[in-house]
Structure formats: structure tokens, C-alpha cells
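Below is one structure, written out as C-alpha cells; comments come after it.
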Amino acid sequence: MDLEDDLPRKGDDPLARLLQQDLGPLSVADLQSRITALEAEIMRTRLKMESAVNHKASAEALFRR
């Protein structure tokens with residue numbers, strides 16, 4: 002399986018552009034900043050997922066009554 006198999010199909014997708022960006026010209030400091038930003042985005046995404054799961058569970062519990 003190729004990494005590109007997991008990429009979104011839309012050419013204008015920000016995630017696809019991010020994954021295709023050439024890292025060669027970036028300095029070590031730039032790369033560290035990128036890692037920090039990506040880790041923050043991962044945390045934000047995980048919190049959103051957790052919120053969505055909790056919301057769904059709450060709705061399901063409400064309708065079971």
C-alpha cells in the first residue's frame with residue numbers, strides 16, 4: 002500500500018498539499034516548528050473526535066429513554 006492511497010482525492014485538499022510539501026529547504030528550526038504545529042493540530046483533532054463521540058453517546062442515551 003502506497004502512502005498516496007491514504008491521501009484525499011481532491012487536488013485542492015490542504016492535507017494532501019501538506020503531505021506533498023518538499024521538506025528539503027526547511028531548516029531544523031523550521032522542521033521543529035512544523036512538528037510543534039502538527040502536534041497541536043493532532044491534539045485539536047483528537048479533542049474534536051472525543052467531543053463527537055461523547056455527543057453521539059449522549060444523543061443515543063437520550064433516545065433510549
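In case it helps, this note's numbering puts the sequence shown at residues 2 to 66. Quick reminder that beta carbons are idealized off the backbone N, C-alpha and C, glycines included. Keep in mind the model is a prediction, meaning the values are calculated, not measured.
Residue range of the alpha helix (DSSP H) that includes residue i
i	result
Gln22	From DSSP, Gln22 is part of no alpha helix (DSSP H); its letter is neither H nor E.
Ser52	29–65
Rounded separation between residue i and residue j - CA only
i	j	result
Ala58	Leu48	15 Å
Pro26	Arg35	13 Å
Met44	Phe64	30 Å
Leu39	Met50	16 Å
Asp23	Asp31	12 Å
Ser28	Thr37	14 Å
Own chain residues within Cβ distance below 6 Å of residue i, not counting five before or after
i	result
Thr46	none
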